[in-house]
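The block underneath contains the structure these notes are about, expressed in structure tokens.
Protein chains: 2
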Amino acid sequence: MRVPMTISDFLDRAELGFAASPGVIDEPSQPAAPVPASTYGRLGERVRAWQAGLDALGVGEGERVAVVSHNSARLLELLFAVPMSGRICVPVNFRLKAEEIEYVVRQSGASVVLVDPEVRDAVADIKAEHRFVLGEQTESELMRFGVEPRPWSSPDEDATATINYTSGTTARPKGVQLTHRNIWVNGLTFGLHTRAWERDVYLHTLPMFHCNGWGMPFVMAGLGVKQVVLRKVDGAEILRRVDEHGVTMMCGAPAVWNAVLDAAAGWEGEVPGRDRVRIVCAGAPPPSRMIQRVEEELGWEFTQIYGLTETSPVLTFNRTRPEDEGLPAQERARKLSRAGLPALGVKLRVAGSGEVLARSNVVLDGYWEKPQETAAVLEGGWFHTGDGGSIDEADGHLTISDRKKDVIITGGENVSSIEVEDTIFSHPAVAEVAVIGVPDAKWGETIKALVVLAEAAEVSETEIIAYCKQRIAGYKAPTSVEFRDAIPRTATGKVQKFKLREPYWEGRGRGVN
Amino acid sequence: MRVPMTISDFLDRAELGFAASPGVIDEPSQPAAPVPASTYGRLGERVRAWQAGLDALGVGEGERVAVVSHNSARLLELLFAVPMSGRICVPVNFRLKAEEIEYVVRQSGASVVLVDPEVRDAVADIKAEHRFVLGEQTESELMRFGVEPRPWSSPDEDATATINYTSGTTARPKGVQLTHRNIWVNGLTFGLHTRAWERDVYLHTLPMFHCNGWGMPFVMAGLGVKQVVLRKVDGAEILRRVDEHGVTMMCGAPAVWNAVLDAAAGWEGEVPGRDRVRIVCAGAPPPSRMIQRVEEELGWEFTQIYGLTETSPVLTFNRTRPEDEGLPAQERARKLSRAGLPALGVKLRVAGSGEVLARSNVVLDGYWEKPQETAAVLEGGWFHTGDGGSIDEADGHLTISDRKKDVIITGGENVSSIEVEDTIFSHPAVAEVAVIGVPDAKWGETIKALVVLAEAAEVSETEIIAYCKQRIAGYKAPTSVEFRDAIPRTATGKVQKFKLREPYWEGRGRGVN
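Quick mapping for you: the protein sequence lines, in order, are chains C and Y. When you line the first sequence up against full-length UniProt numbering, it's residues 1 to 513, in that order. When you line the second sequence up against full-length UniProt numbering, it's residues 1 to 513, in that order.
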């Protein structure tokens, strides 16, 4: 028997087996009234209320519903409600500028836009058929409690469930279409390889707009795990929540764990969660010193993963192997900083060019209305990660050694260096520009612009940074600008970024930047 | 991207990530030379040697390869080698009589039959195009080491991977076709819900011919878990292996755990595996007293599951819930004796008749060359388990209260009561017969025959038992015979088995029998 693998499987099991168990604990301090702490039974009711509301608006199957929000119970609910009714959820990065959000809404063709109260003013001019501010307005004007929603007419595991926009090699973000099957397989393998179970307590330290919080909202529900919403990353606040809720599991970029380590240094008494918490880290490869500190100073188990929005996201996992248990802490940490072993069902290979290719059911269906880009990234039946790497013959572990695409990962956010270059280049005083990632203790990488001024033109570092902040999200602006006489190029005129990056990364033993 | 979910995914990951790790430890004492203790790298080589051997024999894709064997490394290898090359593996119960094995080989149309040396003589007359005794003969005459096998021409997740014969409502066993997708999903959910990981050590206390050892050979390989083969269930031997290999996980019917409990009572020193081993139990619902003893006397964690060969097999899991942790041991054990909560992706409902129905990707594709039986069991798009039960509204847990099909589960073996009735009825002295399961401390259930003699005929209990043992597998023969004047029937002439069973099961608080 074949039945479609859909997101419903996760919520159905939560409602059946954990109806009276704690479900989602909303962020207490936020501009909208928090959703009262709810069971999984209540989560199901609220999901159906959203669906009945969308029915009443006349939003059809296949239509896109964009949600621009910090982490919140409502965003989590919509990640179920929208795809489970055959519609497509478009979670949008709330840190984007209004023009960038407008692009995502327009390119996805969303007929409904739901925004966090905090970004209400910033996106006031964005056009969509229906527009709501999450909170009191959605509760009174959109959601319909107790009304049975129209069921999805023909559930299909290959239907698109979500579109997550990601910065890639081009200036404009592309919409990554993930199917129900993509998300289902990612959820099961993620749960399997992290050994998630009903006794876990999950804290959402990861923004849910990032590849649907790596699929955690789904699989944690399916396993009956209490989910605690965290609206904004703050090291001390994370420690307080770990303590208050008995948190056992979290995901995030290295910047999150750096913030926690900083907070732990000033924490009074024993840091909570020792020998109980396990964290999953991805984004920029973490310095092995950080991994060692997580284990020593926090006593938390560290798992490194590697993936992309295009891969739902998990391709590889790396947890200390039994045979490495006896190694010196530093050596163990170094091994843990590798991307890891492919998840069950993931095939990886390294192309002649050194690029890492992947084949798996977690690989995206395509980029939304970008057939050419889709064909390019899936050329030859393999997904092209854009990252350079190697696979260890002894233990099959992948190491990412070079990011081929011009993406800088700063504080867990992907930034297209080309997008930043375009912005800076639009300044009349700039003749040439190259944007690179340079190491940063707090953010993993930070953005540096190398600028060649136009003849007789003058502009200061501060001016260029301010100029960017007016035009693109703050985190995409460079944090430093260096003026140069020229930018080295190849004979064919290509900028050799690796050469530009080299002096900043020297002695770090790894070429990722 | 869609890639087929196939059994290869499990071995591929084992070979990639655990090439040098312990893979399969064969049974040391057996008639054939044991396969030398091997790594997962070596397992891959041996699997390809089997495949190249089948290539050389000219066994095509889709052809059936029957394996009649006790647990052995070779059987485990064939569970990979045959389906991974697009062929179909038919693991056969080695306890069946020659005629029964002959039926399975004939009905499945197997072109290759591989038999354990121990059953060599018993099945000497079975006809098939190719016939090998597992061990020295297969190593020298069939397997081709170092020869690259022909790859499966078009891997398909919906292709049949295995056919497992099961006794059902009819006298003749039916071949349950499980697809690669069935097995893949069963493997992932089984691993997920039992929290299996690379640090586990798995002991094969369950016969691998039983629904492919519940899929354990696959998922344990995929997770890099050391697998220890046990040829024959023996309580003391199980304890010795648990000690010797640091075993952490086992599966089996209640009879297995009863044997272990018996052995533990006479064990010198501390029983091995306390607070380390977790066991998964299925088959006849276990007495809650047994569960309590497993936890108290062995200190092993107990998980109950429910499923059928037709469901790959796992439908539900039951592990003590956090909120039940504080209950008295007896009450906790009682709750654990329920079938449990559906696995992720499994939908259950109870029909008006009280029968438990299931929908899931673990449900069989069909019965081999039995379109009518297939249509009947999948009527209305739901799999009909044949078992009666109820679902607890509070926590979604299934309880099996009545086995609708005339199946007796004795020592983990399914026995069709109709088959036994047919056999007894063929005795000239028998006018009428009804076969039922009655409670048994050791086997869970044991087989009882109620017999009405033909006029003036005479036959003893011992004679009837001996008569059966000559015709069907020994475990299918009744262990007791009662002579009656009549067998009660309904107005329409149907035997009311539940009425026959009633007096034997009184006071057991559960109607399963």
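Glycine is no exception: its CB is placed at the ideal position from the N, C-alpha and C atoms.
Residue environment: Pro503/Y is assigned as exposed (fewer than 16 neighbouring CB atoms within 10 Å of its CB, all protein chains considered). Cα atoms of Val452/C and Lys497/C: separation of roughly 15 Å, rounded to the nearest angstrom. Under DSSP, no beta-bridge partner is assigned to Tyr40/Y. In the DSSP annotation of this structure, Asp440/C is not part of any alpha helix (DSSP H); the continuous beta strand (DSSP E) holding it starts and ends at 430-440. Between the alpha carbons of Val242/C and Asp262/C lies a gap of roughly 15 Å.
The continuous alpha helix (DSSP H) containing Asp422/Y extends over residues 417-425.
Here the alpha carbons of Arg13/Y and Ala221/C stand approximately 27 Å from one another. Boundaries of the beta strand (DSSP E) around Phe383/Y: 383-391.
Collapsing the DSSP output to three states places His397/C in coil. Asp116/Y has a beta carbon lying at 8 Å or more from every beta carbon in chain C. Between Arg13/Y and chain C, the shortest Cβ-Cβ separation is below 8 Å. For the options Arg289/Y, Ser312/Y, Phe383/Y, Thr311/Y, the alpha carbon positioned closest to that of Phe302/Y is the one of Arg289/Y.
Within its own chain, the residues whose Cβ lies closer than 7 Å to the Cβ of Ala19/Y, once the five positions on either side in sequence are excluded, are Thr39, Tyr40, Gly41, listed in chain order. Fewer than three beta-carbon pairs drawn from the segment 262-278 of chain Y and the segment 123-143 of chain Y are found closer than 8 Å, and the two stretches are therefore not classed as touching. Contact fails between the segment 195-208 of chain Y and the segment 146-163 of chain Y, because fewer than three Cβ pairs, one in each stretch, are under 8 Å apart. For Gln470/C, the uninterrupted alpha helix (DSSP H) segment begins and ends at 461-471. Contact of Met220/C with chain Y is not assigned, every C-beta pair being separated by 8 Å or more. Approximately 7 Å separates the beta-carbon atoms of Lys226/Y and Ile25/Y; this is inside 8 Å, confirming the contact. Here Ala196/Y carries a coil assignment [DSSP, helix/strand/coil]. In terms of CA proximity to Ala255/C, Gly412/C leads the group Gly86/C, Ile418/C, Gly412/C, Leu16/C. Rounded to whole angstroms, the gap between the alpha carbons of Ile464/C and Val481/C is 8 Å. Taking a Cβ-Cβ cut-off of 7 Å, the neighbours of Val3/C in chain Y comprise Arg359, Ser360, Asn361, given in sequence order. When C-beta distances to chain C are compared with 9 Å, the residues of the segment 194-206 of chain Y below that value are Arg195, Ala196, Trp197, Glu198, Arg199, in chain order. Residues of chain C with a Cβ closer than 8 Å to the Cβ of Leu96/Y do not exist, since the nearest Cβ in that chain sits about 27 Å away. Residue pairing by DSSP places Pro342/Y opposite Thr316/Y in a beta bridge. Here the alpha carbon of Ala333/Y sits roughly 6 Å from the alpha carbon of Gln292/Y.
Put simply, the backbone Cα of Glu310/Y is about 15 Å away from that of Lys347/Y. For Gly396/C, the closest Cβ of chain Y is nearer than 8 Å. A direct Cα-to-Cα measurement between Ser353/C and Leu378/C gives close to 16 Å.
Taking the C-beta atoms as reference points, Gly224/C is found no nearer than 8 Å to Gly444/C.
In summary, the residues of the segment 180-193 of chain C whose CB is separated from some CB of chain Y by less than 9 Å are Arg181, Asn182, Trp184, Val185, Gly187, Leu188, Thr189, Gly191, Leu192, His193, in the order they occur in the chain. According to the DSSP assignment, Asn258/Y belongs to the alpha helix (DSSP H) that extends over 254-265. Below 8 Å, too few C-beta pairs join the segment 44-61 of chain Y and the segment 379-399 of chain C to call them touching: fewer than three.
Taking a contact as a CB-CB distance under 8 Å, the pair Thr423/C and Ile472/C counts as one, their CB atoms being some 5 Å apart. Secondary structure in the segment 353-384 of chain C: the alpha helix (DSSP H) runs of 4 residues or longer, each lying completely within the stretch, are 371-377 in chain order.
Taking Ala351/Y as the centre and dropping the five residues before and after it, the same chain places the C-beta of Leu357 closer than 7 Å to its C-beta, in chain order.
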